[in-house]
Amino acid sequence: MTAIPKVLSIAGTDPSGGAGIQADLKTFSALGGYGMAVVTGLVAQTTTGVREILEVPAAFVDSQLDTLLTDVPADAVKIGMLGEAAVVRAVAAALDRFSPPYVVLDPVMVAKSGDRLLAQDAVAALREELLPRVDLITPNLPEAADLLDEPQAAGVEEMREQVKRLHALGARRVLLKGGHLDGDVCVDVFSEGDGVIEISAPRVATRNTHGTGCTLSSAIAALRPRHADWLAAVRAAKEYLTGALRAADTLGVGHGRGPVHHFHAIW
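Its first residue numbered 1397, the sequence shown is counted upward by one per residue in this note's numbering.
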């Protein structure tokens, strides 16, 4: 393992820089990783929502992955927006070919604006072909409900039960994010299959939460090569995200939900 981990984002774009590949690369850099990217979709979006998506053909996603990973093996991979079933399958096949050490899947399905980012028929491919191949999945409550085809969890106890059912689908490790619940404290539920751990953080009073899911999953991927285990990487990533949320209001980006401050510890 090199001193500076090479971290790959497989995801869509965000021209406003708050989510998607742009947020992933910022996160990798802020946490000392060398960022790389394979584009799965060109997304016309800002802090106010998604206007249009131009999907990258699965064959070209495969070409990007093969070209890159043949030359530069990734120390860790973060997977975000995939868009369609054929792209899901191309990514799953690449994981089989190249076997990166650490893979984090953020099952991006719907943007905060409500715009769908994963075709409905691709959910089954994500569930059946990709979920069992990754090391950690990081769904929020609506995404977990989509994966399980059941109502969204309404509390921490229901989250704990849904984590067990996500394991039953084949997930090795789960970080179920509880940010959609109410309260002054945000509780996430983490499991490696042999128990459930609740990870709490104070809820930050800001409307600027664009890209929080992208940022957290990218932070975990960037930090995992330098931490002894997954739980340590998750805790460190949560701490980083909390700092980025606390500094988000200083950026003044956009007219909607602005981005978090990825470089809050630097400037």
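Glycine included, every Cβ here is placed at the ideal spot set by N, Cα and C.
Tell me the rounded alpha-carbon separation between residue i and residue j.
| i | j | result |
| --- | --- | --- |
| G1652 | T1444 | 5 Å |
| A1601 | V1559 | 27 Å |
| K1422 | L1571 | 22 Å |
| L1527 | A1399 | 29 Å |
| I1593 | R1569 | 12 Å |
| G1414 | V1446 | 13 Å |
| P1598 | L1464 | 39 Å |
| S1412 | T1442 | 5 Å |
| G1591 | F1494 | 30 Å |
| D1420 | A1615 | 8 Å |
| M1397 | R1620 | Residue placement at M1397 is flagged as unreliable, the pLDDT there being 46, under the threshold of 50; the coordinate-derived value follows with that caveat. Roughly 12 Å separates the two Cα atoms. |
| D1618 | D1517 | Checking the displayed sequence, the identity of residue 1618 turns out to be Ala instead of Asp. Approximately 30 Å between the Cα atoms of the pair. |
| E1539 | F1424 | 24 Å |
| E1666 | H1563 | Only positions 1397 to 1663 of the chain appear in this structure, which leaves residue 1666 out of reach. |
| H1606 | A1489 | 30 Å |
| D1471 | Y1430 | 10 Å |
| T1608 | P1655 | 8 Å |
Give me, in chain order, the residues of the same chain whose beta-carbon lies closer than 6 Å to that of residue i; leave out the 5 immediate sequence neighbours on both sides.
| i | result |
| --- | --- |
| V1473 | L1404, P1496 and V1499 |
| I1475 | I1406 and L1501 |
| V1530 | V1499 and L1501 |
| I1417 | S1405, A1407, T1409 and A1433 |
| L1491 | R1529 |
| D1580 | R1599 |
Per DSSP, which one or two residues make a beta bridge with residue i?
| i | result |
| --- | --- |
| M1432 | L1404 |
| H1606 | P1655 |
| P1503 | P1503 pairs with nothing; no bridge assigned. |
| I1533 | L1501 and V1570 |
| S1587 | V1570 and V1592 |
Mapping DSSP to helix, strand and coil, what is residue i?
| i | result |
| --- | --- |
| L1580 | The sequence given here has Asp at residue 1580, not Leu. The answer is coil: DSSP assigns D1580 none of H, G, I, E or B. |
| P1528 | helix |
| G1652 | coil |
| S1614 | helix |
| I1662 | coil |
| A1643 | coil |
| A1540 | helix |
| A1597 | strand |
| S1425 | helix |
| G1414 | coil |
| Q1516 | coil |
| H1623 | coil |
| D1545 | coil |
| L1565 | coil |
| A1550 | coil |
| A1632 | helix |
| T1409 | coil |
In chain order, what residues of the same chain lie with their CB nearer than 7 Å to the CB of residue i, ignoring the 5 residues before and after it?
| i | result |
| --- | --- |
| R1523 | L1543 and L1565 |
| P1547 | A1541 |
| A1482 | A1454 |
| A1521 | A1481, V1484 and R1485 |
| T1611 | A1419, T1423, L1637, A1640, V1656 and H1658 |
Kindly list the residues whose CB is nearer than 8 Å to the CB of residue i, restricted to its own chain and excluding five residues on each side of it in sequence; keep chain order.
| i | result |
| --- | --- |
| I1449 | G1408, G1437, L1438, V1439, A1440, G1479 and L1513 |
| V1552 | G1574, L1577, V1583, V1585 and E1594 |
| V1519 | M1505, D1542 and L1543 |
| E1662 | Note on residue identity: the sequence assigns Ile, not Glu, to residue 1662. Counting only Cβ-Cβ distances below 8 Å, and skipping sequence neighbours, we find A1426. |
Curious, which full-length beta strand (DSSP E) runs of at least 3 residues does the region 1429-1488 contain?
1430-1442, 1445-1451 and 1472-1475
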